[in-house]
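Enquirer: Before I ask anything, let me first share the structure, which is written out below as structure tokens.
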Ligand SMILES: Cc1cc2nc3c(=O)[nH]c(=O)nc-3n(C[C@H](O)[C@H](O)[C@H](O)COP(=O)(O)OP(=O)(O)OC[C@H]3O[C@@H](n4cnc5c(N)ncnc54)[C@H](O)[C@@H]3O)c2cc1C
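In our numbering, the protein residues as written are 653 to 1038.
Structure, rendered in structure tokens:
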């Protein structure tokens, strides 16, 4: 990794998918007076490294669908463009719907997806049962399936962006925690990295679940809360075919996808309070496993290979915040992806680079994602959150 320079034009705080993608897209535009700071000894150890790797078009709001329509093709092109394999698998996402309220909401979601050109299939309960006979799905009323949803490798994506940004001239530094932000006359002036001061003109807050803590260093409150989410992988399960989709039992926030020769499964605890604890909640794991085995009985034959917990970075409307902040010039945030930031990382970094270099995003109108929406109370919540 590089040494910390004595000054720079742009500081990016956080070396997860957002910071890495922003660094790469700045460099691709020829802007390389950039320092990417990561507090951990390696990049991508935060939420990005803990994530399930899911990528999907199936959302309930136009802006999230549009972000996917721009971001997922960037993952298609990733290996050719950046020379880094990311294990892209188009296995499809299958949502299982088990109550009438979700059926009605998903009918609206699918109509919106169709209107934007996303060809999600509507399935009857019987069609779901035929598609994945391994499931105990007697209670499933309907389902939705989109074949172009799937999986990619988060570590590959971060490594690809970091290595390419470095090759283009960006300075990337690990073991470097930002502990303070200096401002003067309503402008950013410098960051403190331990006891070292790094003068800069622009700060990009890409600190994920820690972004509100970082923002507070500049006196700017951000409504982003860290919420623990955990999952586990199993030993090999030969009865799971290679074509097994990413299955989401929506009402239970329970999901499965093929991982190696076995499965990865997770279930979101709706009672999980905000906080930075990343230890596995063993009691919740028991609840999760009972629900998982009830839905996919052959799981009872598998052992646990690994388990871990990470943090979602959650906003009140489950949409990200991308853009400048009116109280402080030179300060840009890209955070709050509420459980689906990995898949939106490629486009979010490109949009953030546009905001830094041009003052506004031009690839997509993202005014609905502005930080000011919370004060204005103009919230439209994403429904498809897992
Ligand atoms: C269990 C789990 C499953 C998920 N599954 C999916 C999924 O299937 N699909 C999907 O799209 N998304 C998923 N997500 C969400 C996704 O992982 C996140 O939205 C995304 O990774 C956020 O990226 P980020 O770069 O903003 O945050 P991070 O990856 O957390 O990066 C922020 C970085 O900032 C660093 N940092 C923090 N404070 C400082 C500081 N003061 N100084 C320097 N560095 C600092 C941190 O160490 C960290 O590396 C999942 C998340 C979890 C936890």
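For every residue, glycine included, the Cβ atom is placed at its ideal position computed from N, Cα and C.
For residue 857, report the span of its beta strand (DSSP E) as first-last.
Expert: 854-857
Enquirer: Do residue 987 and residue 871 have their C-beta atoms closer together than 8 Å?
Expert: no
Enquirer: With a threshold of 7 Å on Cβ separation, who are the neighbours of residue 1038 within its own chain once the five nearest residues in sequence on each side are excluded?
Expert: The residues are 900, 905, 907, 920, 991.
Enquirer: Using the C-alpha atoms, what's the distance from residue 897 back to residue 965?
Expert: 26 Å
Enquirer: Nearest to residue 759 by CA position, among 923, 942, 776, is which residue?
Expert: Nearest in C-alpha terms to residue 759, of all of 923, 942, 776, is 776.
Enquirer: Beta strand (DSSP E) containing residue 794: first to last residue?
Expert: It spans 794-798 - the beta strand (DSSP E) in which residue 794 sits, taken as one unbroken run.
Enquirer: Taking the Cβ atom as the reference point for each residue, do residue 889 and residue 787 lie within a distance shorter than 8 Å?
Expert: no
Enquirer: In three-state terms, what does DSSP make of residue 844?
Expert: strand
Enquirer: For residue 909, write down the residues that DSSP places opposite it in a beta bridge.
Expert: 916
Enquirer: Which of the three DSSP states is assigned to residue 1032 in this structure?
Expert: coil
Enquirer: For the alpha helix (DSSP H) holding residue 819, just list the boundary residues, first then last.
Expert: Segment 806-820, the alpha helix (DSSP H) holding residue 819.
Enquirer: What does the alpha-carbon distance come out to for the pair residue 751 and residue 729?
Expert: For residue 751 and residue 729, the distance between alpha carbons rounds to 38 Å.
Enquirer: Evaluate residue 922 with the Cβ neighbour count: other Cβ atoms within 10 Å of its Cβ, from every protein chain shown; 16 or more gives buried, anything less gives exposed.
Expert: exposed
Enquirer: Taking 8 Å as the limit between beta carbons, can you name the residues of its chain near residue 895, skipping five residues before and five after?
Expert: Counting only Cβ-Cβ distances below 8 Å, and skipping sequence neighbours, we find 743.
Enquirer: Taking 7 Å as the line, does the beta carbon of residue 885 fall inside it for any heavy atom of ligand 1?
Expert: No, the beta carbon of residue 885 sits no closer than 7 Å to any heavy atom of ligand 1.
Enquirer: Pull up the DSSP beta-bridge partners for residue 901, would you.
Expert: 748, 906
Enquirer: Considering only the beta carbon of each residue, do residue 962 and residue 1018 sit closer than 8 Å?
Expert: no
Enquirer: I'd like to confirm something about residue 919: is its beta-carbon nearer than 7 Å to some heavy atom of ligand 1, or not?
Expert: no
Enquirer: Quickly, what does DSSP pair residue 926 with across the bridge? List them, please.
Expert: Beta-bridge annotation (DSSP): residue 926 is paired with 879.
Enquirer: Do three or more CB pairs link the region 679-693 to the region 826-836 at distances below 8 Å?
Expert: yes
Enquirer: In terms of alpha-carbon separation, which member of 950, 717, 660 lies closest to residue 995?
Expert: 717
Enquirer: Beta-carbon separation of residue 1001 and residue 709 under 8 Å?
Expert: With a cutoff of 8 Å on beta-carbon distance, residue 1001 and residue 709 are scored as not near each other.
Enquirer: Please list the terminal residues of the continuous alpha helix (DSSP H) segment that includes residue 709.
Expert: Here residue 709 belongs to no alpha helix (DSSP H), and DSSP marks it neither H nor E.
Enquirer: Less than 6 Å between C-beta atoms, sequence neighbours within five positions excluded: which residues of the same chain meet that for residue 687?
Expert: Residues of the same chain with a CB within less than 6 Å of the CB of residue 687, apart from the 5 flanking positions on each side, are 660, 663, 823 in chain order.
Enquirer: Determine the DSSP secondary structure at residue 1025, reduced to helix, strand or coil.
Expert: helix
Enquirer: Return helix, strand or coil for residue 959, following the three-state DSSP convention.
Expert: Reduced to three states, the DSSP call for residue 959 is strand.
Enquirer: Do residue 864 and residue 856 come within 8 Å of each other at the CB atom, strictly closer than that value?
Expert: no
Enquirer: Tell me the DSSP secondary structure of residue 688 in three-state form.
Expert: strand
Enquirer: On the DSSP bridge list, what partners appear for residue 953?
Expert: Residue 953 pairs with nothing; no bridge assigned.
Enquirer: For ligand 1, is there any heavy atom lying closer than 7 Å to the beta carbon of residue 829?
Expert: yes
Enquirer: In this structure, how does DSSP classify residue 664 when only helix, strand and coil are distinguished?
Expert: The three-state reading of DSSP puts residue 664 in strand, counting E and B together.
Enquirer: Hey, how far is the Cα of residue 756 from the Cα of residue 903?
Expert: Each residue's alpha carbon lies about 13 Å from the other.
Enquirer: DSSP state of residue 973, grouped into three classes?
Expert: strand
Enquirer: How would you label residue 878, buried or exposed, when you count the other beta carbons within 10 angstroms and need 16 or more for buried?
Expert: buried
Enquirer: Is the CB of residue 949 under 8 Å away from at least one CB in chain B?
Expert: The structure shown has no chain B; it contains just one protein chain.
Enquirer: If you draw a straight line from the C-alpha of residue 1007 to the C-alpha of residue 971, how long is it?
Expert: Cα to Cα, residue 1007 sits roughly 18 Å from residue 971.
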